[in-house]
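This is the structure:
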């Protein structure tokens, strides 16, 4: 079975996982280790969408020299 959601830089995988749980906690999504099939698509999508938003904000700050 191939994984579609793998990190482009394998060394970053652990940090991305921590970030995912941090974001889920921030937005109130009860994400847990293991099975999360009880969460809605909306909840899961919210975590991914907010992760992207925060990564873009971070990149913009770095580009602006802040």
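Numbering (the UniProt record's numbering), first residue to last: 1 to 66.
Even for Gly, the Cβ is constructed at its ideal location relative to N, Cα and C.
Do you know how far the Cα of residue 18 is from the Cα of residue 61?
Going from the Cα of residue 61 to the Cα of residue 18 covers about 21 Å.
Quick one: Cα of residue 52 to Cα of residue 14, how far?
Residue 52 and residue 14 have their C-alpha atoms some 17 Å from each other.
Considering only the alpha carbon of each residue, which of 66, 7, 20, 35 lies closest to residue 45?
Cα-wise, what sits closest to residue 45 is 20.
Round the Cβ separation of residue 43 and residue 29 to the nearest angstrom and send it over; I've been treating them as touching at under 8 Å.
Confirmed, about 5 Å.
Which class does residue 10 belong to by DSSP, given the choice of helix, strand or coil?
Note: residue 10 maps to helix in three-state DSSP.
Which first and last residues belong to the alpha helix (DSSP H) in which residue 33 is found?
No alpha helix (DSSP H) holds residue 33; DSSP gives it neither H nor E.
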